[in-house]
Amino acid sequence: MEAPGEAAFVESSCGRSDSAAELDQSNGQDTANESSEEESTGEREEENRANDEVTAQSTQTAGDDKKPCEGRERSAPSLSSVSSSSEPSLWTSRGDAEVKLRMGESGMAAEPPLTVNQMFTSTVERFGDFTALGWKDGEQQKSLTYKEYYQACRSAAKSFLKLGLERYHGVGILGFNSVEWFIADIGAILAGGFAVGIYTTNSPDACQYVADNCKANVIVVENHKQLQKILQVEDRLPHLKAIIQYKDALKEKRPKPILLG
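Just so you know, the UniProt record's numbering puts 215 at position 215 of the sequence shown, and the rest follows in order with no gaps.
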């Protein structure tokens with residue numbers, strides 16, 4: 001049985017920080033928030049129609065005494081008004097905040113909550129020698145047991161920390177489904193960061209938005225094609241410290257050393 005090959009590391013020209021973060025049993029959530037939404041056209045049209053009606057009412061009585069329009073002022077609720085109590089809400093947009101878990105009185109909803117690391121280690125203890133992942137490499141069928149899978153994820157976590165991953169910062173993953181994708185995903189969580197998937201169809205600008213929004217310190221790309229998207233916007237990613245390419249040979253010549261697996 002053969003573990004996935006070593007990935008190639010591309011140092012980012014944005015520099016590295018001497019992070020003193022330690023690998024701990026993370027309770028981070030596997031999130032992949034990666035799209036920005038514009039205001040709906042329906043809402044804009046509704047506002048435009050409302051403005052047109054007000055304008056029409058004020059102009060059709062020209063020469064008469066103008067009467068003030070009566071209406072109720074509306075304002076968007078402030079963030080502080082959403083949850084005024086100290087109790088955590090069911091959602092948050094802050095990386096370091098707590099959320100209230102939805103629990104039930106019976107069934108699966110009543111089971112005690114577990115972190116990703118707790119669930120993984122429990123599975124390794126019970127099913128360590130069972131096959132966890134299987135994939136095809138050319139004509140060869142390969143697989144990893146739960147023990148091997150967990151060790152690969154821990155190795156990825158340590159590598160991310162060595163490259164400067166900070167707590168509550170993102171690890172962007174830009175590639176199709178693969179064993180490397182899953183290892184990078186869990187590795188980011190074990191290291192105390194956020195695993196952030198990026199669509200392979202994203203443009204360079206869309207990749208930049210996602211990576212900047214999650215404050216990505218590390219971005220993992222599948223191949224040269226995906227690498228080019230990140231390199232085009234690298235100067236607009238202030239938190240980026242390293243880029244990892246896990247398939248194909250590196251074709252980029254960088255000013256800093258390139259480590260090949």
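Glycine included, C-beta positions come from ideal geometry on N, C-alpha and C.
Here Ile186 has Cys153 as same chain residues with Cβ atoms under 6 Å from its own Cβ, once five neighbours each way along the sequence are excluded. Annotation: Gly197 to Val124 spans about 25 Å, alpha carbon to alpha carbon. Per DSSP, Thr121 lies in no beta strand (DSSP E) segment; the continuous alpha helix (DSSP H) that holds it begins and ends at 116-127. Note: Val196 is bridge-paired with Gly172 in the DSSP secondary-structure output. In this structure, the straight-line span from the alpha carbon of Asn213 to that of Gly175 is close to 19 Å. Taking 8 Å as the cut-off, the Cβ atoms of Asn117 and Leu165 do not count as close. The C-beta of Asn177 has fewer than 16 other C-beta atoms within 10 Å across all chains shown, which makes the residue exposed. Under DSSP, Leu101 forms no beta bridge with any residue.
The beta-carbon separation of Thr145 and Thr131, rounded to 6 Å, stays under the 8 Å limit for a contact.
Going by beta carbons, Gly95 and Phe182 fall outside the 8 Å limit.
DSSP places Lys251 in the coil class of the three-state scheme, outside both helix and strand. Less than 8 Å separates the beta-carbon of Asn217 from that of Leu240. Between the C-alpha atoms of Leu114 and Ser106 there is a straight-line separation of about 17 Å. For Leu144, the three-state secondary structure derived from DSSP is strand.
The alpha-carbon separation between Trp135 and Gln226 amounts to approximately 21 Å.
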